[in-house]
Amino acid sequence: MAIHRSGRLATWGVAVAAGLLVAACGGADTTGGAQAGGSGGSAGSTGGSTAALDTESTFRYGYPITVSRLDPHKASISQDATTLFPAYDRLLHVSSEGELVAGLAEKWSFSPDGKQLTLNLRQGVTFHDGTPLDAAAVKANIDRAKGVQGSSVATDLRSVTAATVVDPATVRLDLAQADVALLGALADRAGIQVSPKALADGTNLDEKMVGAGPYKLVSHVPGSLTSFERYDGHWDATPRAKRLEIRVYADSVARLNALRTGQIDATSLSQNQVSEVQNDPAVKMTFKTELAYLYVVQNRARAGQGDLKVRQAMLHAIDREGICKAILFGYCEVTDQPFPPGYKAFNPDIPKVLYPYDVEKAKQLLAEAGTPSFSVTMLTPAGLPIFPEVAEAIQAQWKAVGITSSIQPAEPSKLGELMFAQKSADTMLATWGGRPDPSITFAQRGTAAGFANPGGVTTPKMEDLWKRSVAETDPVKRQVILREGSKEMAEQVLEMVLAFPKVPYVMSDKVVGFTPYLSSKPEFRTVGLSK
Amino acid sequence: MTDTGSLEQRPGRPLEADPWSTFTGPAVAADQVVAVTSFRRFLRRFAGQPMAVGALAVLVVLVLAAIAAPRIAPFDPLAQDLQDTLQGPTSEHWLGTDELGRDVLSRMLFAARVSLVAAAQAVLLAIALGVLPGLMAGFLRGWVDAVISRITDAVMSFPPLLLAIAIVGVFGPSLTNAMLAVGVIFAPRFLRVTRGAVLAAREETFVEASRSIGTPVLRIIATRILPNILSPLLVQTSLALGFAMLAEASLSFLGLGVQPPDASWGAMIGRAYRFLAQTPTLVVFPGIAIAVCVLAFNILGDGLRDSFGRDTRGAGR
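Residue numbers (my numbering), protein chains in the order written: chain R, 6 to 536; chain P, 90 to 406.
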């Protein structure tokens, strides 16, 4: 048990750490409100040029975070998806607006009791090594994803008890309980399909990528460059660039310089760089509000934070609009809910901000709670932009209502372990990467057993809403439950959301077909350069 | 030459058998005269170097400003105004405001304290770690020297800043850890300077004379060797202060040194660098402060070197 548990914790730690990084996690799931984009820049979200795509071109993308490893079932951070998805198709895919669309499975359906998920596979798909995709291949991949030593996606598939080959084109997943959120996982790394031949012959998947994705791996230099060449046998014949390169630059200043000097064709920037490129005719810019948000994690079992009044006071004390304006240069949206306005799980029936900046109210609430002054520790990611500024702003604003905070910077990759596993701090400033399905955010942050809820404190109503949200298969009924859950999270301050940043994406005017993704993980299935 | 160890332990000869310690004749008075004149000579030589005097003046002003920071800073260095961020110099904020609307001049005055104290900490640690082993290695020679010198070589074979980053990486980012790292890195430099100076001094005739009359080793080191190696150590200290300040700035720039809300000049540049396009002065002013300060320490070091030195080498100034 001990071994099992620590293994599970480690996996969760890795998964959570992933969400803490700036670029973040995510993907979204099923149908419903796809308006979450909130694009603020150039019309639509496609690439800079409307000219015809040159299918002989090379598209180079600047990404802040290197892939942790190439083995798709062991890759440990969600940002790895950007590098994995070109070579690996998943059972389901997501649109740029977070809707589930057909991937290697053309159709999917739950049994009436929700305990069986049937997947109808796309016909005529072959992996890069020529092996055909069939039900046996999917079963082999699900088995490996669940069982391989060091799997980082096993927890996403924990409701799956068995994968059964019904016929060569049909797979059935048996579930321990109804789990609609599983679809979101199958559209993410957990749904990646590796060639069964490569799985069987012991190919080192950290060196080779043998998938059914639109690009084949050419070379990989960790921390620097991953090069791909188009796979012409891909089932989706949409025109795309001949070659794809993902180049790693941690620093957003370096990324902009790389774009301006022609070393890359597109990338994302920090909000403070917007004014620099706004009037540059050679750079096209578009904004994307993603599922990722800035937040303060509270260990609700420490420092009196189990008291709702204390949590409300701490939120009232923070000038989120001021932080948004000064530090994110106004490119963000403030809400108390853990989903961006317009997203299917966002509840439009309550005020966007329930607990606005109000120093007197905060002091009054603290007095009512019997803790007019106390001190907390606050972990922050070291070395990443924005966080030091936000941390210092919060520190000063909390001080004004009597809350003393000490900032403890730590390696971004260690934060999840420190906050969620070791539970060594009272609060943590970080980014929640968003999750492929809203229920996963509820489970992690809002249930007593959630790994990302270190104090374990929640409300019975939240527990109930989460259970109902994963059991409800009807999308319309489910949306009502998800919105109730979002409301409960906001009202009870089960999540201290600071803001949803609008991320500026920039590209040269030759780029065709580039689209930022709600999930914050761009895909390059339709991207290239103009002639 | 006799073996010092056997001299010390010869039976019947007490350890404090240095005949000079009880000698009160006129020779001691002459010794004092020599000391006074050599200090005067140093002052005369130093005063003759306007650059070095200027550097010293700059440093004195900086130290005084840092000490008086709470009295002379126009604003609270931590007071934020999110409505008034990233301003260039104005009549209200002489050096502008930073990304949280804090007054840059006030922050720089307080940052001077951090930068100067941090540099001093690192150099003191380096002296503490470097000088004693250097004395032992230089004076005792033999296997002691071999062991100490090999350890020194090993430490010096690491690129300095990389080693500092590794140390901070292991112990976590904080100013104290960063300065411990820098101190460890500078210790071998003090060790080598000390050892070299001791190697020269121990062959001097007055040391040989002391030894021949049975002065204990520790007394020889304290009263004959140390005063004669002070000048290269002082020069090295001044240069090291400049280097330590630069190292602190580098580590803080990388976010590995001083932690918010406190700031050093390097940390201020590290934060302001992202806002270079909006408010370039945020980088310029702390940058000038670091450059001036490091330059002053270096010029002072050069001036000290030229002012000490021996008569035989001095150009008769």
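Each residue gets a CB set at the ideal place from its N, CA and C atoms; glycine is no exception. Because the structure is a prediction, the values reported are computed rather than measured.
| Asked | Found |
| --- | --- |
| Under the three-state DSSP convention, the category P386 of chain R falls into | strand |
| CB contact check: G327 of chain R to chain P, cutoff 9 Å | yes |
| Burial state of K112 of chain R (16 or more Cβ within 10 Å) | exposed |
| Local conformation of I412 of chain R per DSSP, three classes | strand |
| Beta carbon of A336 of chain P nearer than 9 Å to that of A253 of chain P | yes |
| Minimum Cβ-Cβ distance from S257 of chain R to chain P less than 9 Å | yes |
| Buried versus exposed, by CB contacts within 10 Å (16 or more), S444 of chain R | buried |
| Alpha-carbon spacing of Q172 of chain P relative to A398 of chain R, whole angstroms | 12 Å |
| First and last residue of the uninterrupted beta strand (DSSP E) at K482 of chain R | Premise fails: K482 of chain R lies in the alpha helix (DSSP H), 480 to 496, not in any beta strand (DSSP E). |
| Residue nearest to P77 of chain R in terms of C-alpha spacing, selected from R:F64, R:G196, R:D206, R:A183 | R:G196 |
| Within chain P, partners of N277 of chain R - CB distance below 7 Å | R363, F364, Q367 |
| Minimum C-alpha distance to R194 of chain R - residue among R:D469, R:P91, R:I408 | R:P91 |
| CB contact flag (E394 of chain R, R196 of chain P, <9 Å) | no |
| Residue burial classification, G46 of chain R (beta-carbon count within 10 angstroms, cutoff 16) | The predicted model places G46 of chain R with a pLDDT of 34, which falls under 50 and marks its position as unreliable, so this point remains unresolved. |
| 6 Å CB neighbourhood of R260 of chain R in its chain, flanking five on each side removed | G67, Y254, T272 |
| Beta-carbon proximity list for L393 of chain P, same chain, < 8 Å, skipping 5 on both sides | F135, A141, S320, L323, V324, S327 |
| The region 494 to 505 of chain R in contact with the region 454 to 469 of chain R per 3-pair CB rule at 8 Å | yes |
| Exposure label - G32 of chain R; buried when at least 16 CB within 10 Å | The predicted position of G32 of chain R is uncertain, since its pLDDT is 31 and thus under 50; no value can be drawn from it. |
| Whether P386 of chain R touches A415 of chain R by CB criterion (9 Å) | yes |
| Residue burial classification, I156 of chain P (beta-carbon count within 10 angstroms, cutoff 16) | exposed |
| Min CB distance E409 of chain P to chain R below 9 Å | A query on residue 409 of chain P cannot be resolved here, the shown segment of chain P reaching from 90 to 406 and no further. |
| Whole runs of the beta strand (DSSP E) within the region 256 to 337 of chain R, excluding any shorter than 3 residues | 271 to 273, 288 to 294, 298 to 303 |
| Close Cβ partners of G38 of chain R (< 7 Å) along its chain, the five nearest in sequence each way excluded | With a pLDDT of 31 at G38 of chain R, under the threshold of 50, the modelled position of that residue is not reliable, and the figure given next carries that caveat. Contacts found: G347, Y348, K349. |
| Buried versus exposed call for V347 of chain P [16 or more other C-beta atoms within 10 Å across all chains shown] | buried |
| Any 3 or more C-beta pairs closer than 8 Å across the region 349 to 368 of chain P and the region 223 to 233 of chain P | no |
| Beta-carbon neighbours of Q182 of chain R, restricted to chain P and to distances below 7 Å | Near Q182 of chain R there are no residues of chain P at all, since even the closest Cβ is about 42 Å away, more than 7 Å. |
| Residue burial classification, E188 of chain P (beta-carbon count within 10 angstroms, cutoff 16) | buried |
| CB contact check: K507 of chain R to chain P, cutoff 9 Å | no |
| Chain P contact for S280 of chain R (CB, 9 Å cutoff) | yes |
| Pairwise C-alpha distance: P349 of chain P and P480 of chain R | 47 Å |
| A398 of chain R: first and last residue of the uninterrupted alpha helix (DSSP H) it sits in | 392 to 404 |
| CB contact below 9 Å: Q325 of chain P versus chain R | no |
| W183 of chain P burial status per 10 Å Cβ neighbour count (16 or more: buried) | exposed |
| DSSP-derived helix/strand/coil call for Y362 of chain P | helix |
| Closer than 9 Å to chain R by CB, Q172 of chain P | yes |
| Residues bridged to A128 of chain P (per DSSP) | A quick correction: the sequence has Phe, not Ala, at residue 128 of chain P. In DSSP, F128 of chain P forms no bridge with anything. |
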